[in-house]
Structures are given as C-alpha cells and as structure tokens.
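Chemist: Sequential numbering from 1 applies to the sequence shown in the UniProt record's numbering.
Ideal placement from N, C-alpha and C gives every residue a C-beta, glycine not left out.
One structure follows; several queries about it will come next.
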Amino acid sequence: MTSAWKRITLMELSPSQWRGASFVYHFVGFLSRWRSESWLLQWAEPLGALLICLVLALSPFVSTGLIGILLLACGGYWLLLTLSDDDWPSITPIHLLVLLYWGIATIAVAFSPVRAAAFEGWVKLTLYLVMFALTARVLRSPRLTSMIITVYLLTALVVSIYGVRQEMFGVEQLATWNDPTSDLAGDTRVYSYLGNPNLLASYLLPAIALSAAAVFVWQGWLQKALALTLFFVNTACLYYTDSRGGWIGMMGLSLVFLLLLYYWFKDSLSPFWQKWLLPLVLGTLAAFVILAMIMVEPLRIRVMSIFAGREDSSNNFRMNVWASVIKMIKAYPIIGIGPGNEAFNKVYPLFMHPKYSALSAYSVLLEIMVETGVIGLSCFVWLLVVTFNQGVRQIGLLRQQRNLQGFWLIAAIATMAGMLAHGFVDTVWYRPQIASLWWLMVALIASHYSGVIPKNSPKKVKDGLSSHRL
C-alpha cells in the first residue's frame with residue numbers, strides 16, 4: 001500500500017495530534033466531576049442506545065417533527081456525555097471528515113443567497129451528524145449494537161408485512177407514480193407506512209443487508225430462521241415497491257455483500273472454490289435475473305423503462321430536473337446555496353424548466369454539489385473513500401480474530417453502496433427516516449475503527465466453520 005494512499009485515507013493520522021491542537025478539546029470533561037456523582041450517567045451508553053432505538057422504532061410511523069425532537073434529544077444527550085467525559089471519546093478519521101463536511105456546510109450557509117432557508121437545512125444536517133456521533137459511541141458495545149440492529153429489523157418487519165399486505169389486497173395510490181402511457185399505469189406500488197414507494201425501498205435496503213448478516217451473527221436455529229424470514233419478507237416488499245432506483249440499489253447491495261462475504265470466507269475454501277465460487281454465484285444470480293425478466297412481464301416492462309430515455313415520463317421528468325440543477329451548479333459552483341430542501345425550493349424556481357417543479361435534485365451527487373459546491377462534494381467523496389477503506393480494513397482484522405461483528409460491517413458497507421446506487425437517481429435518503437439509517441451505517445463502521453474487540457463480544461465463529469474446506 002503506497003504512502004500516498006495512506007495519506008488520502010488518513011491511515012497514518014493520529015487523533016491525539018488533533019486533540020493536542022484542538023481548542024474544543026479543552027471543554028471535554030468540563031462536567032466530569034458531576035458525572036462521577038450521577039447515578040443516571042452510570043448507564044450512559046445504554047441510555048444513548050435507548051434514544052437511538054426510539055428514533056429507529058418510531059421513524060416510519062410518526063411525523064418528521066417528532067423525529068426531529070428525538071434527534072434533538074440525541075444531540076443534547078451526546079453533548080452532555082462529551083462534556084462529562086473523564087477521557088476524550090474515541091475520535092476517528094471518519095469523525096474528522098464528518099466534522100469537516102459540517103464546517104463546509106456551515107460556510108455554505110454564510111454565503112447562501114437564501115440564508116434563512118439554508119439555516120433550517122443546516123439545523124437538520126447538524127442533528128443527523130450529532131446522531132452519528134452518539135451512535136458511533138454507543139455501537140462500540142457489541143451487546144448494544146445487537147440490540148439496536150434488532151430493534152430496527154423488527155420495525156422493518158412490521159413495515160414490510162404491511163407493504164406485502166398492500167400488494168395482496170390493493171391500496172389507493174397517493175400520486176401518479178407510474179407512467180400514464182405505460183402498460184403498468186394501473187399497477188399497485190406499495191408504500192406501507194412511509195407514504196412513498198421510493199422512500200420505502202430505500203428504507204428497506206439496510207434491513208435486507210442486516211438481516212442477511214444476522215443469518216451469520218445470530219446463534220441458534222430459531223434466530224437464524226427469523227433472520228431468513230426477515231430477509232425474504234423485506235426483499236419481497238422492496239420488489240413490490242416497483243422502485244427502479246430501489247432495485248438498482250438492491251443490485252449494488254447484493255454485489256458488494258457477496259464480494260465481502262467471499263473475502264471473509266476465502267481462506268476457508270479449497271483452491272478450486274477460491275477460483276470459481278464467486279463467478280458461479282454471480283453468474284447464477286445474473287441468470288436468475290434475466291430469466292425472471294423473460295418470464296415476468298411486469299418486471300420486464302419496468303426494468304426496460306429504465307433504458308427508455310425521455311419516452312418514459314418519470315425519466316423525462318428527472319432529466320429536465322437534472323438539466324435545471326446543472327444550471328444551478330454553474331451559478332453557484334464553489335460553495336453552493338446551502339444545505340436543505342428549503343434552500344433548494346427557494347432557488348430552483350429561478351432555473352427550472354416550465355411545468356417541472358421539484359423538491360430536490362433527484363440525485364445525491366447533484367444535491368450535494370448544489371448545497372455545498374465542488375468543495376462539499378469533494379469532502380463527501382473523501383469521506384466515502386475513508387469510510388469504505390476503514391470498513392474493509394476492520395473486516396480483515398475481525399476475520400483474523402473470527403469475530404462475528406465483522407458481518408455487521410459487511411452489511412454496513414453493502415448498505416451504503418446500495419443507498420448510493422439508489423441515490424444516483426433519487427434523493428429520498430434526505431428524509432429523516434432514511435438519513436438516520438445512512439448515518440447509522442457510517443457510525444457502525446466508525447465504531448470499529450480502533451480494531452480493539454471489547455471483552456463482551458459475542459462468541460467467535462466455530463473452528464469448524466473457519467477451517468472447513470469445500
């Protein structure tokens with residue numbers, strides 16, 4: 001590994017160097033004496049986990065305003081823990097880049113042509129990032145990690161069951177989600193409790209990856225059977241959304257998950273299977289998808305509409321929005337217009353094509369560039385590179401120790417890949433139900449940065465599994 005790559009991915013960065021030069025560091029531990037006498041804060045991390053569980057358990061069913069209140073509670077609690085820490089909390093390169101991105105967004109607000117609207121978006125972004133900080137701290141405990149993931153998976157199961165029920169018994173379509181000229185104009189697209197099929201599809205991507213990982217992590221046949229049930233129900237519900245972006249995300253998620261799973265078990269395979277297992281699995285999946293498209297007409301029509309260009313009304317709408325957004329980027333290329341859909345809604349009408357109003361850029365990369373310019377997009381890409389690099393490195397360490405926590409990291413990286421793939425053609429993950437899950441995945445990777453495995457880590461993979469040769 002070259003020294004340049006190490007510098008880019010901050011592998012040689014020592015957080016202690018940053019702490020020594022940080023003015024903010026001096027406020028850490030300001031309330032440490034009070035904390036030592038507090039009975040409540042003896043349960044600091046479990047209480048933080050409870051707040052995170054409340055966000056995940058309630059977000060599909062309640063208003064965004066209530067989610068905001070819960071995120072505000074998470075932020076206040078994180079600040080309390082930080083000020084009362086006896087020692088500096090775990091800081092990683094991921095934390096520093098998240099902080100840098102927040103700083104760029106703050107500057108974007110200062111230079112925004114619509115500062116009041118951009119400030120509202122900045123507040124929301126700050127709440128998400130503070131939730132990331134709290135979650136990365138709490139997830140250092142494998143026991144609390146398992147609890148938080150289980151709460152999310154059980155919540156997603158309720159959401160998915162209701163979505164499948166909508167497919168079975170029908171449901172009123174809340175908007176014109178299908179091309180009126182298509183053969184699928186009257187087709188049902190499920191949306192469960194989230195009110196939008198694309199939003200539901202993005203919400204289910206982490207559930208699919210984590211339930212697949214749970215098959216390996218959870219012990220006992222009943223638990224593994226539950227994990228398989230979760231996987232198939234969530235996958236079925238995602239299919240019934242008819243979300244093309246969600247399907248693309250599912251393909252990206254599956255590809256990354258299988259690659260990392262192969263990396264995990266590669267040394268346990270015979271030379272023959274080391275060479276041929278991955279091509280055979282990927283080839284089989286490709287054949288299955290092609291066969292399904294041939295035999296299932298609605299699936300074939302929906303998939304082929306992706307390549308229909310402007311002949312499909314949804315494609316045409318997005319292309320017109322993208323053209324307008326590119327004009328916005330050219331007008332504010334360096335630092336953007338500031339974060340949030342409120343700022344976007346103020347500026348977009350000045351550049352939009354007639355009759356093509358939009359609430360967002362319908363592309364994550366374009367949205368970030370509109371909000372924070374080239375500088376913000378560069379920082380975000382840097383954050384992704386560092387996060388993926390750290391995640392893969394930690395998977396390697398956990399694999400050597402045969403620690404099952406590595407499967408959660410596999411799911412986190414696969415989820416991020418899937419959500420990014422979906423995000424190329426949509427921005428539903430800016431909704432709090434999705435944004436909280438995105439930052440949960442980033443926090444899950446950041447929580448394993450040190451490579452130190454806590455003593456209460458779940459039992460390791462059995463020797464027979466690690467040494468078995470096919």
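1) Which class does phenylalanine 61 belong to by DSSP, given the choice of helix, strand or coil?
2) Are the beta-carbon atoms of alanine 193 and phenylalanine 380 separated by less than 8 Å?
3) According to DSSP, is alanine 361 helix, strand or coil?
4) Please report whether the beta-carbon of proline 46 lies at a distance below 8 Å from any beta-carbon of chain D.
5) Whose C-alpha, out of Tyr240, Val364, Asn341, Asp85, is nearest the C-alpha of threonine 188?
6) Taking 8 Å as the threshold, find out whether the segment 415-429 comes into contact with the segment 364-375 through three or more Cβ pairs.
7) Look at the alpha carbon of histidine 468 and the alpha carbon of valine 164, and state the distance between them as a whole number of angstroms.
8) Does the segment 121-136 come within contact of the segment 392-407, defined as at least 3 CB pairs closer than 8 Å?
9) Going by the CB atoms, is the gap between asparagine 341 and tyrosine 449 shorter than 8 Å?
10) Rounded to the nearest angstrom, what separates arginine 143 and leucine 99 at their Cα positions?
11) Please go through the same chain and pick out, in chain order, the residues whose beta-carbon is closer than 8 Å to the beta-carbon of residue 486, but skip the five residues on each side of it.
12) Can you give me the start and stop residues for the alpha helix (DSSP H) that glycine 245 sits inside?
13) Smallest Cα separation from lysine 330: which of Phe317, Val303, Met369, Met251?
14) Give the straight-line distance between the Cα atoms of leucine 282 and arginine 302, rounded to the nearest whole angstrom.
15) Short of 6 Å in beta carbon distance, which residues of its chain neighbour alanine 136, apart from the five on each side in sequence? Order them along the chain.
16) Return the first residue and the last residue of the alpha helix (DSSP H) that tyrosine 162 is part of.
17) Short of 6 Å in beta carbon distance, which residues of its chain neighbour methionine 416, apart from the five on each side in sequence? Order them along the chain.
18) From Gly249, Val233, Glu172, Thr229, pick the residue whose C-alpha is nearest to that of asparagine 198; which is it?
19) With phenylalanine 169 and phenylalanine 407 assumed to form a contact (beta carbons below 8 Å), what rounded beta-carbon distance in angstroms separates them?
20) On a CA-only basis, which of Leu383, Arg399, Pro333, Leu204 is nearest leucine 10? Give me that one, please.
Modeler: To lay it out plainly:
1) Three-state DSSP puts phenylalanine 61 in coil, outside helix and strand.
2) The amino acid at residue 193 is misidentified as alanine; the sequence shows tyrosine. With respect to phenylalanine 380, tyrosine 193 sits apart: the two C-beta atoms are not nearer than 8 Å.
3) Coil.
4) Given the protein chain composition of this structure (a single chain), no chain D is represented.
5) Taking each of Tyr240, Val364, Asn341, Asp85 in turn and checking the Cα distance to threonine 188, the smallest one comes out for Tyr240.
6) With contact defined as three or more Cβ pairs closer than 8 Å, the segment 415-429 and the segment 364-375 are in contact.
7) Confidence in histidine 468 is poor, its pLDDT being 32 and thus under 50, which makes the residue's placement unreliable; the coordinate value appears in the next sentence. Using only the alpha carbons, I get a separation of about 39 Å.
8) Touching, no.
9) For the pair tyrosine 449 and asparagine 341, the CB atoms are not nearer than the 8 Å cut-off.
10) When only Cα atoms are considered, arginine 143 and leucine 99 end up about 27 Å apart.
11) Residue 486 cannot be examined here, being either before or after the span of the chain that is shown, 1 to 470.
12) 244-265 is the span of the alpha helix (DSSP H), which, as asked, contains glycine 245.
13) Checking every option, the nearest Cα to that of lysine 330 belongs to Met369.
14) CA-CA distance, leucine 282 to arginine 302, rounds to 22 Å.
15) Around alanine 136, the same chain offers Ala443, Ala446, Ser447 as residues with beta carbons nearer than 6 Å, after the five sequence neighbours per side are excluded.
16) DSSP places tyrosine 162 inside the alpha helix (DSSP H), whose first and last residues are 142-169.
17) The answer, listed in chain order, is Met441.
18) For the set Gly249, Val233, Glu172, Thr229, the Cα lying nearest the Cα of asparagine 198 is the one of Gly249.
19) Their Cβ separation, rounded to whole angstroms, is 36 Å, which puts phenylalanine 169 and phenylalanine 407 out of contact at 8 Å.
20) Minimum Cα distance to leucine 10 is reached at Leu383.
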